[in-house]
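Trainee:
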Amino acid sequence: MDCLKWKINAWIFVALMMILFAPFSCGITDSRDVSAINSLYVALGNPPLLGWIPNGGDPCLEAWQGVQCVITNITHIILNGVNLGGVMSENLDLFSSLIRLDLSDNHIGGSIPVNLPLTMSNFSLSSNQLTGSIPDSLSSLSQLIDMDLSANNLSGQLPPSLENLSSLITLHLQDNQLSGTLDVLQDLPLQDLNVENNMFSGPIPEKLLSIPDFKKDGNPFNTTIIPFAPPPGQPISLPPLSGPPVLTPGENNGPSVVEGPSPGETEKFWNSKTFRVAIAVALAFIVIGLLLVVILKSCKKKQHVGIFSRRPKTGVPEGHMEQSNDIESFLQSNNLTEKVSKVAVVRTKDEHGMASPRRVATLNGKPKEKANMKTVGAIQKQDEEHGKYLTGMDMNLLPPPLAPVENFNRIPVVPTVTSGKPPIKSLNRPASLRTFTVASLQQYTNSFSEDNLIGGGTLGRVYRAELPDGKLLAVKKLDNMTSALQNDEEFLDLVADISKLQNANVVKLEGYCLEHGQRLLIYEYCSNETLHDALHSDGLTKKLSWNARIRIALGAARALEYLHEICHPPIVHRNFKSANVLLDNELAVHVSDCGLAPLISAGSQLSGQLLLSNGYGAPEFEMGTYSCQSDVYSFGVVMLELLTGRKSYDSARPRGEQYLVRWAIPQLHDIEALSRMVDPSLGAYPAKSLSRFADIISMSVQSQNSVRQCPKLFRICYI
Numbered sequence: 001m002d003c004l005k006w007k008i009n010a011w012i013f014v015a016l017m018m019i020l021f022a023p024f025s026c027g028i029t030d031s032r033d034v035s036a037i038n039s040l041y042v043a044l045g046n047p048p049l050l051g052w053i054p055n056g057g058d059p060c061l062e063a064w065q066g067v068q069c070v071i072t073n074i075t076h077i078i079l080n081g082v083n084l085g086g087v088m089s090e091n092l093d094l095f096s097s098l099i100r101l102d103l104s105d106n107h108i109g110g111s112i113p114v115n116l117p118l119t120m121s122n123f124s125l126s127s128n129q130l131t132g133s134i135p136d137s138l139s140s141l142s143q144l145i146d147m148d149l150s151a152n153n154l155s156g157q158l159p160p161s162l163e164n165l166s167s168l169i170t171l172h173l174q175d176n177q178l179s180g181t182l183d184v185l186q187d188l189p190l191q192d193l194n195v196e197n198n199m200f201s202g203p204i205p206e207k208l209l210s211i212p213d214f215k216k217d218g219n220p221f222n223t224t225i226i227p228f229a230p231p232p233g234q235p236i237s238l239p240p241l242s243g244p245p246v247l248t249p250g251e252n253n254g255p256s257v258v259e260g261p262s263p264g265e266t267e268k269f270w271n272s273k274t275f276r277v278a279i280a281v282a283l284a285f286i287v288i289g290l291l292l293v294v295i296l297k298s299c300k301k302k303q304h305v306g307i308f309s310r311r312p313k314t315g316v317p318e319g320h321m322e323q324s325n326d327i328e329s330f331l332q333s334n335n336l337t338e339k340v341s342k343v344a345v346v347r348t349k350d351e352h353g354m355a356s357p358r359r360v361a362t363l364n365g366k367p368k369e370k371a372n373m374k375t376v377g378a379i380q381k382q383d384e385e386h387g388k389y390l391t392g393m394d395m396n397l398l399p400p401p402l403a404p405v406e407n408f409n410r411i412p413v414v415p416t417v418t419s420g421k422p423p424i425k426s427l428n429r430p431a432s433l434r435t436f437t438v439a440s441l442q443q444y445t446n447s448f449s450e451d452n453l454i455g456g457g458t459l460g461r462v463y464r465a466e467l468p469d470g471k472l473l474a475v476k477k478l479d480n481m482t483s484a485l486q487n488d489e490e491f492l493d494l495v496a497d498i499s500k501l502q503n504a505n506v507v508k509l510e511g512y513c514l515e516h517g518q519r520l521l522i523y524e525y526c527s528n529e530t531l532h533d534a535l536h537s538d539g540l541t542k543k544l545s546w547n548a549r550i551r552i553a554l555g556a557a558r559a560l561e562y563l564h565e566i567c568h569p570p571i572v573h574r575n576f577k578s579a580n581v582l583l584d585n586e587l588a589v590h591v592s593d594c595g596l597a598p599l600i601s602a603g604s605q606l607s608g609q610l611l612l613s614n615g616y617g618a619p620e621f622e623m624g625t626y627s628c629q630s631d632v633y634s635f636g637v638v639m640l641e642l643l644t645g646r647k648s649y650d651s652a653r654p655r656g657e658q659y660l661v662r663w664a665i666p667q668l669h670d671i672e673a674l675s676r677m678v679d680p681s682l683g684a685y686p687a688k689s690l691s692r693f694a695d696i697i698s699m700s701v702q703s704q705n706s707v708r709q710c711p712k713l714f715r716i717c718y719i
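Residue 1 is where the sequence shown starts when you use full-length UniProt numbering, and the numbers rise one by one after that.
1) What residue from Gly81, Ile28, Thr29 has the CA that sits closest to Pro47's CA?
2) Indicate the three-state DSSP secondary structure (helix, strand or coil) for Gln68 in the structure shown.
3) Does DSSP put Tyr633 in a helix, in a strand, or in coil?
4) DSSP three-state label for Thr29, please.
5) Please state whether DSSP places Ser272 in a helix, a strand or coil.
6) From the DSSP secondary-structure annotation, give me the bridge partner or partners of Ser155.
7) Let me make sure I understand the geometry here. Which of Leu182, Leu190, Leu79 has the alpha-carbon closest to that of Ile204?
8) Name the DSSP beta bridge partners of Gly460, please?
9) Starting from Gly511, trace the beta strand (DSSP E) both ways and give me its first and last residue.
10) Is it true that the CB of Leu668 sits closer than 8 Å to the CB of Val678?
11) From the DSSP output, in three-state form, read off Ala484 for me.
12) Roughly how many angstroms lie between the CA atoms of Ile552 and Ala559, to the nearest whole one?
13) Check whether the stretch 443-451 and the stretch 567-581 are in contact - that is, three or more C-beta pairs closer than 8 Å.
14) Is the stretch 104-119 close to the stretch 50-67, with three or more CB pairs under 8 Å?
15) Beta-carbon separation of Thr644 and Val581 under 8 Å?
16) If Ser201 and Pro220 are in contact, beta carbons under 8 Å, what's the gap, nearest whole angstrom?
17) Contact between the stretch 79-98 and the stretch 40-59: three or more CB pairs below 8 Å?
18) Whose C-alpha, out of Ser161, Leu94, Leu459, is nearest the C-alpha of Ala597?
19) Expressed to the nearest angstrom, what Euclidean distance is found between the alpha-carbon atoms of Asn585 and Asn528?
20) Distance check for Leu642 and Ile697, CA to CA, integer angstroms please.
21) Can you tell me whether Met639 is buried or exposed, with buried defined as 16 or more other CB within 10 angstroms of its CB?
22) So, under 8 Å CB-CB, Ser133 and Leu162 are touching, yes? Tell me the CB distance rounded to an integer number of Å.
23) Runs of 4 residues minimum, wholly inside the stretch 665-705: which ones carry the alpha helix (DSSP H) assignment?
24) Three Cβ pairs or more, each shorter than 8 Å: is that satisfied between the stretch 160-177 and the stretch 133-148?
25) Please classify Glu90 as buried or exposed, where buried requires at least 16 neighbouring CB atoms within 10 angstroms.
26) Going by alpha carbons, who is nearest to Ile665 out of Gly57, Glu510, Asp695, Thr131?
27) Rounded to whole angstroms, how far is the Cβ of Cys513 from the Cβ of Leu520, which I believe are closer than 8 Å?
28) So, with DSSP's three-state summary, where would you put Ile78?
29) In whole angstroms, what is the alpha-carbon distance linking Val707 and Met699?
30) To which residues of the same chain is Ser127 closer than 6 Å at the C-beta, ignoring the five residues directly before and after it?
31) Beta-carbon within less than 7 Å of Val184's beta-carbon, same chain only, minus the 5 sequence neighbours each way: which residues are those?
32) Buried or exposed for Ala579, please, with buried defined as at least 16 other CB atoms from any protein chain shown within 10 angstroms of its CB.
33) Using a 10 Å radius around the Cβ and a threshold of 16 neighbouring Cβ atoms, would you call Ser681 buried or exposed?
34) With distances taken between CB atoms, is the gap from Tyr562 to Asn480 smaller than 8 Å?
35) Could you tell me the distance, in whole angstroms, from the CA atom of Ser537 to the CA atom of Arg574?
36) Quick check: the Cα distance between Asn38 and Gln658, rounded to an integer number of angstroms?
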C-alpha cells in the first residue's frame with residue numbers, strides 16, 4: 001500500500017515539475033530584457049503601444065508591438081513612425097541579445113544614450129529630435145553593421161573611437177550639425193556613407209572616395225584630398241555587398257541585418273545563456289527522473305523484504321536493545337542528554353529566526369523541571385492516521401521508544417521572543433504628519449479612479465482625495481520603480497525632511513502611507529490649475545494679465561529662494577517647470593515636488609534627460625551635474641513661458657522655433673523683436689517692465705551656470 005502511495009505521489013510530483021518548468025518551454029522573456037524594455041517604455045513617456053507596460057509583463061509571450069524574440073530573448077525592437085516622444089533610456093545595455101533597434105521617424109529628444117547593447121548590429125534613430133554629440137561608447141558595438149542617425153540635431157565632432165567599428169558597412173549622418181573632419185572613418189569597411197548637410201570641413205580622405213555609395217554635398221569641405229595613409233600590416237577585407245558578411249576565421253562574427261531572426265542569430269542564441277538555461281532544465285528533468293526510479297525501486301525492495309521480516313508490534317525489536325544501550329552510553333559520555341520527560345515539546349529557531357515546535361525524546365522517563373532543554377533528536381508529527389516517523393537525523397541517534405507513545409508526557413510550549421528589525425510603526429516619523437492606510441486612500445480616491453487623476457510625472461501619478469469631512473487632498477502615488485530605490489527607513493527620512501519645508505509658496509506635506517509595499521505622499525490640495533495649464537490651455541489664459549504673471553513669477557522666485565538660501569543645507573529642486581507651479585483660486589503660487597530630488601538622483605539621469613527634451617534642463621544636465629543654478633535656468637524658462645505664452649518645447653512649430661530658449665535668446669535684447677515675442681493674449685503692459693523682465697530672463701538662462709543670477713534678483717527688482 002505504501003509503495004502505491006509512493007507511485008501516486010511520484011506522478012503528482014512529475015506533473016507539478018512539468019507545470020513549474022512549462023514557462024521555460026513556452027519562452028517567457030528573460031528578466032533582464034523585461035527590465036530593459038520597461039525602462040525604455042518609461043523613458044519614452046508611456047506611449048500607447050500595444051501590450052507595453054511600465055512594470056513586468058512578458059514581451060515575447062504576449063507579442064508586444066514592434067518586439068521580436070528568439071526563444072526567451074528580445075532580438076528586435078522596430079517602432080519607426082509611431083509618434084514616440086520622451087527620451088532614450090539609459091538602461092539599454094540590460095538587453096542581453098538585442099540585435100536591431102529601430103526608433104526612427106519619431107519625436108524622441110535628449111541625447112544618444114551612453115549604455116547600449118553590445119550585441120546590436122542595426123541601430124537607427126533617424127528623423128528624431130536628438131541633441132548633443134555622438135558618444136564615445138559607440139566604439140564598443142563591435143558587431144554594428146548599420147547605423148542611421150540622420151535628420152536630428154546632433155553636433156560636435158565625430159569621436160575618434162568610431163574607428164573601432166570594424167564591422168560597420170552603412171553609416172548615415174546626413175541633416176545634422178556635425179563638424180570636424182572625416183578622418184576617423186577612412187579605415188572602416190564602409191559601403192554606404194551619407195554625411196550630407198552637416199558642417200564637416202577639411203580635406204576628404206582619399207579612401208572615402210572609393211566607397212560605392214558616398215554622399216557628401218552640403219558641407220564646407222576643402223578641395224584638397226588627403227593621400228592614402230601607409231598601408232597597414234594586414235589589408236582590410238571588405239564584406240560583399242549582397243548577403244550576410246562572409247567571415248574568415250578570427251574575424252568578428254556579426255549577425256546579418258534582416259527583418260526577422262536569421263539562422264545565424266539563432267545559432268548565436270544557442271551559444272548563449274538561453275541554451276545554457278535549456279540544458280539546465282533538461283538536466284534537472286533527468287536528475288528528477290533518476291531519483292524517482294531509485295525511490296520506486298527502493299520502495300519495492302522494502303515491500304519484498306517486509307513479507308519475510310515482519311516482527312510483533314509489541315516490545316523492543318530484536319537487536320535494537322544493544323544498539324540502544326550503546327547510543328545511550330555514547331550520549332551520556334559526551335554530556336549530550338539531560339533528564340527530561342520522554343517526549344517534550346520545545347521551540348527551536350529555524351534559519352529565519354522563527355520558532356518551530358519539535359518533539360524531543362530522551363532515554364530517561366523522569367520529568368525535568370528546568371525549562372532549559374537540549375534537543376537530541378526530533379520525532380516529527382506528520383498526521384495521526386499515518387502514525388509517527390523519525391527524521392534522518394533521529395534515526396542515527398535515537399533508539400525506538402521504551403514505552404507506548406500514549407504514556408509520554410508533554411510540556412507546554414513557551415512562546416519565544418524573536419529579535420530583529422523593528423516594525424515600521426516603531427520607526428521615527430514626524431509627529432505632525434498623519435499616517436494613512438492604503439484602504440482609506442482607496443476609499444477617498446474611489447480606488448484611484450481615472451476621474452480623480454490630477455496628473456502624472458517622472459515619479460508617479462497624483463490623485464484627488466476627498467476625506468469624509470469634505471477636505472480635499474492630493475495623493476502622489478509613487479510608481480514601483482521609484483519606490484524600489486529606497487528602503488523603508490530612507491523613505492521615512494525623506495518624509496521627515498519634506499515635512500520640515502514650511503513656506504507659503506511650497507506645497508505642504510499633510511501625511512504619507514507606507515503599507516503593503518506601497519508608498520504615497522499626501523499633500524495639500526490646490527484648487528486651481530497648474531501654470532502650464534493656465535498658459536497653454538483655454539481655461540485661465542485670459543485671466544493672466546501682466547500683473548498676474550509678475551505675481552506668479554514672484555511667488556516662484558520666493559519658493560526657490562527659500563529652498564536655496566533659507567534651507568540648510570540648500571535644496572535643489574531638480575524638476576522645476578511650469579507643470580510643478582500650482583495655482584490656487586487667488587493665483588497664489590505653490591511649488592510642488594520640493595525635496596523629492598533624492599528619489600530622482602537615486603536612479604539614472606532620466607529626469608535630467610526629460611527636462612532637456614522638454615526644454616527646461618540646463619546644459620550641465622547632459623553631464624549629470626545639478627546645482628541650485630540649474631534650478632535658476634529652469635526658472636528662466638518658466639519666465640519665458642510667462643512672457644511669450646509658448647511651451648518650452650513645441651514639436652508642432654517650425655524646427656527653428658521648437659525649443660523656446662534657442663528661439664528667444666537672440667531676440668531678448670532687440671526691442672522690436674521683444675515686442676513681437678510677447679503673448680498676443682496679454683493685452684496692455686508697461687514697456688519698461690517688459691524690458692526688465694527680459695533682462696532677468698537673459699541672466700537666468702546663461703549657458704555657464706556661474707554667471708546665472710539667483711531668483712532673489714527678480715524679487716528685489718519687482719518688490
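We put the CB at the ideal spot given by N, CA and C, even for glycine.
Since we're looking at a predicted model, the values are computed, not measured.
Mentor: Let me lay it out:
1) Gly81
2) strand
3) helix
4) Three-state result, Thr29: coil.
5) Its pLDDT being 48, under 50, Ser272 is placed unreliably in this model, and the coordinates cannot settle the point.
6) Gln177
7) Leu182
8) DSSP lists Leu478 as partners of Gly460.
9) 509-515
10) no
11) coil
12) 11 Å
13) no
14) no
15) no
16) So it is a contact: roughly 5 Å between Cβ atoms.
17) yes
18) Leu459
19) 6 Å
20) 11 Å
21) buried
22) Wrong, their Cβ atoms sit about 12 Å apart, outside the cutoff.
23) 671-677, 687-700
24) yes
25) buried
26) Asp695
27) 4 Å
28) strand
29) When only Cα atoms are considered, Val707 and Met699 end up about 7 Å apart.
30) Ser104, Asp105, Ala151
31) Leu158, Pro160, Leu162, Glu163
32) buried
33) exposed
34) no
35) 25 Å
36) 28 Å
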